[in-house]
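Going by the working numbering, the first residue of the sequence shown is number 21, and it counts up by one from there. All C-beta atoms in this analysis are idealised placements derived from N, C-alpha and C, irrespective of residue type, glycine included. See below for the structure under consideration.
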Amino acid sequence: MEEKSSNQEKVKEKHENSEDAFLPREKAEKIDQPKKKHRLRTFFIVLVIVLVLSVIGFAATGLYDVPGISSIMGTNKPRDLGIKTSPEAVASISEKIPMKISGDYVSYTADPSEIFTGEIDVDAAFSSEEITSWLERFEGENPIFDNVQVKKGDGTMEISAMMQKYVKAPVYIKLTVDQVGVNQVSLNFVEGKFGIFNVPEKYLQQGEDFFEENVNALMNKIPGFKMEEYEIKGGNSYLKGTYPANARPTVDGWGGLFNL
21 MEEKSSNQEK VKEKHENSED AFLPREKAEK IDQPKKKHRL RTFFIVLVIV
71 LVLSVIGFAA TGLYDVPGIS SIMGTNKPRD LGIKTSPEAV ASISEKIPMK
121 ISGDYVSYTA DPSEIFTGEI DVDAAFSSEE ITSWLERFEG ENPIFDNVQV
171 KKGDGTMEIS AMMQKYVKAP VYIKLTVDQV GVNQVSLNFV EGKFGIFNVP
221 EKYLQQGEDF FEENVNALMN KIPGFKMEEY EIKGGNSYLK GTYPANARPT
271 VDGWGGLFNL
């Protein structure tokens, strides 16, 4: 009897131990599965947050127009210099420089003598509104820059625009312009921004050298153009010299001049 009782206790103990053997596994299954779901959910939440922050950060640079976000952050348009355009300003500058734009359309990669003819005297002051309005009126089709504003102070000039080719981004430059000879100026870039980024001094200097060389070369390429006196003062630019009497039109507008 004692042996039978002992055997029953062993069977019972074995059965209990057998049940216990399954308990950790059941508990592990009950604990592990929710943890896996939780980790997966956390992964997707973090992924969405990273993507959203990346889109916002990219929009904040101003180097790309992200619909909605760029508009809210104001990085989808150039800096407003407070210069307004008007047909009256275009008419005013056209009276001061009565150069006619007429004839057949031509690419400005042609010989300049086939594009510009004649010569007229010019001795006048030009406001920021007149220059900005003229640039808007004759920016042409598919321009490199649009929404251009030019603001002049005492010896300084600010230019703000939206770059439309290569990369879409607002650009801003502040510079001084000094005449150093007939058809020759010296440029000094004081500040530059591309998107929300300040242009480093090294690249600001390279841009200054590039534009100074090309502007001076351009003035000497246009037949009939001569800048005898030039000065920026009191919010106006003063020019005494000559302009071509006639220029043939181009689909590139004033931007085509840099193709000469």
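query                                                                                                                                       : result
N266 bridges to which residues according to DSSP?                                                                                           : K120, T137
Return yes when at least one heavy atom of the ligand GDP lies under 7 Å from the C-beta of N256, else no.                                  : No copy of the ligand GDP occurs in the structure displayed, which carries no ligand at all.
Which of the three DSSP states is assigned to I76 in this structure?                                                                        : Unreliable placement is indicated for I76, whose pLDDT of 44 sits below 50; no coordinate value is reported for it.
State the beta-bridge partners of A144 as determined by DSSP.                                                                               : L259
Assign Q225 to buried or exposed, taking buried as 16 or more other Cβ atoms, counted over all protein chains shown, within 10 Å of its Cβ. : exposed
Going by other Cβ atoms of all chains shown within 10 Å of its Cβ, with 16 needed for buried, is A130 buried or exposed?                    : exposed
For the alpha helix (DSSP H) that A130 lies in, which residues bound it at each end?                                                        : First-last for A130: undefined, no H or E at that position.
Excluding the 5 residues flanking G175 on each side, which residues of the same chain have their C-beta closer than 6 Å to its C-beta?      : T196, I252
What separation, rounded to the nearest whole angstrom, lies between the Cα atoms of N218 and Q204?                                         : 28 Å
Which ranges would you report for the alpha helix (DSSP H) in the stretch 179-257 if only whole runs of at least 4 residues count?          : 221-241
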